[in-house]
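Trainee: The structure follows.
Number of protein chains: 2
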Amino acid sequence: MVSLLKSEMSNRRKLPVEVTHEVRDNCYCLHLQRAARATARRYDDALRPLGLTSGQFSLLMSLNRVEPPTMGDVASLLAMDRTTLTANLKPLERRGLVELAVDPEDRRSRRLSLTEAGRAQLITALPVWRRTQKETESVVPDSHAERLRADLTALGGGPTPPKSPR
Amino acid sequence: MVSLLKSEMSNRRKLPVEVTHEVRDNCYCLHLQRAARATARRYDDALRPLGLTSGQFSLLMSLNRVEPPTMGDVASLLAMDRTTLTANLKPLERRGLVELAVDPEDRRSRRLSLTEAGRAQLITALPVWRRTQKETESVVPDSHAERLRADLTALGGGPTPPKSPR
DNA sequence: GACCATAATGTTGATATCAACGGTTCAATG
DNA sequence: CATTGAACCGTTGATATCAACATTATGGTC
């Protein structure tokens with residue numbers, strides 16, 4: 004009885020350090036956030052002279068298409084919340100790098116396209132990206148690169164939208 | 004002459020779609036952001052009933068130590084900017100899950116510790132984490148899991164601080 | 001044509017992320 | 001003990017992220 008109570012109290016009040024280590028060493032979410040933050044900093048640092056963040060670079064690049072994509076298309080491609088995309092477009096729109104236009108075929112949709120200035124920015128940024136990409140590659144053993152990207156793609160939820168209902 | 008000019012103009016005004024595909028398929032930053040966003044959503048969805056986000060769970064878990072760590076310790080462990088940690092602690096402090104105390108040994112440092120309520124929250128969240136972790140594991144081929152975590156750790160910049168100078 | 005379910009997007013509020021700047025404390029040097 | 005450089009941290013402003021709610025447009029049904 005007493006020992007049971009004691010163990011119950013202990014269970015309610017403490018969490019063994021071993022469990023913390025288990026989470027710290029294995030949690031996919033934590034590992035991904037760590038790696039994503041550190042890697043974003045690499046690309047951010049490299050792109051800063053151009054006035055672009057890594058996310059802005061990725062977004063601009065995803066707009067370089069023949070057919071201007073819709074918000075939903077891009078949000079899905081980046082595995083990004085739809086409303087996050089709306090927010091991220093604002094600074095780029097303000098700077099005249101991106102344009103939004105109502106789709107005449109379906110007036111609910113907005114078509115996103117690069118402006119001349121946006122394309123120019125991308126072209127300037129490309130060699131910076133190549134250099135940073137190579138630097139980052141050196142952190143990951145060559146033999147792992149392909150598999151790593153495949154695993155990340157799988158975790159990213161594939162090409163399908165992250166959530167249909169919303 | 005004419006063709007040279009044409010090619011120059013073309014280079015300045017357009018970016019081949021193939022380059023876009025090269026970036027989209029290979030960029031470590033983009034792949035990591037995608038995977039990190041999608042995975043955070045998994046854990047966020049699972050933890051929402053408890054009122055915790057994935058980041059808050061990771062942060063609380065990193066505070067479950069014998070010796071209360073300093074801000075710098077934790078920021079380094081999470082590969083997170085120091086000032087981001089300050090911001091992230093505020094809601095947890097408001098809810099009484101975390102306490103900050105000036106280190107008497109070095110009054111520049113703050114020691115972070117869990118409150119009773121914080122530990123209780125962690126204990127409640129643990130089975131949710133285990134379940135979500137297992138779900139996520141099913142997305143990554145078993146044979147890759149160990150290697151994936153190792154690569155992510157390498158990308159995360161190891162246990163050293165992300166930036167010394169600032 | 002009115003009605004309704006669905007689809008695509010916008011808005012608001014809360015948290016997350018980081019650069020730039022500023023304040024305090026420590027430790028070493030003279 | 002005064003100075004000085006470094007270490008640790010907070011604040012501010014800008015962007016990023018997402019849930020909840022609201023708006024507008026489309027397509028189909030009656």
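First to last, the sequence lines map onto chains A and B.
The numbering used here puts the first residue of the first sequence at 4, with every later residue one more than the last.
The numbering used here puts the first residue of the second sequence at 4, with every later residue one more than the last.
Using N, Cα and C, we set each Cβ at its ideal position, and we do this for glycine too.
Please go through the same chain and pick out, in chain order, the residues whose beta-carbon is closer than 6 Å to the beta-carbon of SER57/A, but skip the five residues on each side of it.
Mentor: Locating residue 57/A in the first sequence gives position 54, where the first residue counts as 1. These residues qualify, in order along the chain: ALA43, TYR46, ASP47.
Trainee: Distance, Cα to Cα, SER167/A vs ASP109/B?
Mentor: Taking the first residue of the first sequence as 1, we reach residue 167/A at position 164. Taking the first residue of the second sequence as 1, we reach residue 109/B at position 106. Residue placement at SER167/A is poorly supported in this model, since its pLDDT is 39, which falls under 50; the coordinates still yield a value, given next. Those two C-alpha atoms are separated by around 52 Å.
Trainee: Alpha carbon to alpha carbon, what distance is there between LEU35/A and LEU55/A?
Mentor: Walking along the first sequence from the start, residue 55/A turns up at place 52. Walking along the first sequence from the start, residue 35/A turns up at place 32. Whole-angstrom Cα-Cα distance: 23 Å.
Trainee: According to DSSP, which residues form a beta bridge with LEU103/A?
Mentor: Taking the first sequence and counting its residues from 1, the one referred to as residue 103/A is at position 100. LEU115/A, per the DSSP bridge assignment.
Trainee: Using a Cβ-Cβ distance cut-off of 9 Å, determine whether VAL77/B contacts chain A.
Mentor: Counted from its first residue, the second sequence places residue 77/B at position 74. No, VAL77/B does not count as interfacial toward chain A.
Trainee: Below 8 Å on the Cβ atoms is my guess for VAL143/B versus LEU151/A; work out the distance and round it to an integer in Å.
Mentor: The residue labelled residue 143/B in the question sits at position 140 within the second sequence. The residue labelled residue 151/A in the question sits at position 148 within the first sequence. With 8 Å as the limit, VAL143/B and LEU151/A do not qualify as a contact, their Cβ atoms being about 11 Å apart.
Trainee: Do ALA153/B and ALA39/A come within 9 Å of each other at the CB atom, strictly closer than that value?
Mentor: In the first sequence, counting from the first residue as 1, residue 39/A sits at position 36. In the second sequence, counting from the first residue as 1, residue 153/B sits at position 150. Not in contact: ALA39/A and ALA153/B (Cβ atoms no closer than 9 Å).
Trainee: If ALA82/B sits next to ALA82/A, beta carbons under 8 Å apart, how far is it from one beta carbon to the other, in whole angstroms?
Mentor: On the second sequence, position 79 is the one that residue 82/B refers to. On the first sequence, position 79 is the one that residue 82/A refers to. Between ALA82/A and ALA82/B the Cβ distance is about 20 Å, and since that is not below 8 Å, they are no contact.
Trainee: Within 9 Å of any Cβ in chain B, is that where the Cβ of ALA157/A sits?
Mentor: Residue 157/A sits at position 154 when you count from the first residue of the first sequence. ALA157/A counts as touching chain B.
Trainee: For the stretch 103-119 of chain B against the stretch 58-78 of chain A, are there 3 or more C-beta pairs whose distance is under 8 Å?
Mentor: They do not touch, by the three-pair rule.
Trainee: Roughly how many angstroms separate the alpha carbons of ALA49/A and ALA123/B, rounded to a whole number?
Mentor: On the first sequence, residue 49/A is found 46 positions in, with the first residue counted as 1. On the second sequence, residue 123/B is found 120 positions in, with the first residue counted as 1. Each residue's Cα considered, the two are about 43 Å apart.
Trainee: Answer with yes or no whether the minimum CB distance from SER167/A to chain B is below 9 Å.
Mentor: Against the first sequence, residue 167/A aligns to sequence position 164. Reliability fails at SER167/A, whose pLDDT of 39 lies under 50, so the model's placement of it is uncertain and no value is given.
Trainee: Given this structure, state the Cα-to-Cα distance separating THR156/A from LEU33/A, to the nearest angstrom.
Mentor: Start at 1 with the first residue of the first sequence, and residue 156/A comes out as number 153. Start at 1 with the first residue of the first sequence, and residue 33/A comes out as number 30. If you take the alpha carbons of THR156/A and LEU33/A, they lie about 17 Å apart.
Trainee: Name the chain A residues whose beta carbon is nearer than 9 Å to that of LEU129/B?
Mentor: Your numbering for residue 129/B matches position 126 in the second sequence. LEU18, VAL22, VAL26, listed in chain order.
Trainee: With distances taken between CB atoms, is the gap from VAL22/A to LEU66/A smaller than 9 Å?
Mentor: As a position in the first sequence, residue 22/A is number 19, starting the count at 1. As a position in the first sequence, residue 66/A is number 63, starting the count at 1. It is not a contact, given that the beta carbons lie outside the stated cut-off.
Trainee: Expressed to the nearest angstrom, what Euclidean distance is found between the alpha-carbon atoms of LEU53/B and PRO52/A?
Mentor: What you label residue 53/B is simply residue 50 of the second sequence in a count that begins at 1. What you label residue 52/A is simply residue 49 of the first sequence in a count that begins at 1. Roughly 42 Å separates the two Cα atoms.
Trainee: Nearest to TRP132/A by alpha carbon, out of ASN29/B, LEU88/B, LYS17/B?
Mentor: Stepping through the first sequence from its first residue, residue 132/A is reached at position 129. Looking at the Cα atoms, ASN29/B is the closest of the given residues.
Trainee: Name the DSSP beta bridge partners of THR127/B, please?
Mentor: Within the second sequence, numbered from 1, the residue matching residue 127/B stands at position 124. Beta-bridge pairing links THR127/B to no other residue.
Trainee: Judging by CA-CA distance, which residue of GLY160/A, PRO19/A, PRO130/A is the nearest neighbour of VAL69/B?
Mentor: Position 66 of the second sequence, counting from 1, holds the residue named residue 69/B. Comparing Cα-Cα distances from VAL69/B to each of GLY160/A, PRO19/A, PRO130/A, the minimum goes to PRO19/A.
Trainee: What whole-angstrom Cβ distance do ARG113/A and ALA104/A have, given they're in contact under 8 Å?
Mentor: Your numbering for residue 113/A matches position 110 in the first sequence. Your numbering for residue 104/A matches position 101 in the first sequence. Their Cβ separation, rounded to whole angstroms, is 7 Å, which keeps ARG113/A and ALA104/A in contact under 8 Å.
Trainee: Hey, quick one: how far does the alpha helix (DSSP H) through SER61/B stretch, first residue to last?
Mentor: Counting from one through the second sequence, the residue named residue 61/B turns up at place 58. Here the alpha helix (DSSP H) through SER61/B covers 57-65.
Trainee: Name the one or two DSSP bridge partners that THR73/B has.
Mentor: Along the second sequence, read from residue 1 onward, the residue named residue 73/B stands at position 70. Its beta-bridge partners are ARG114/B.
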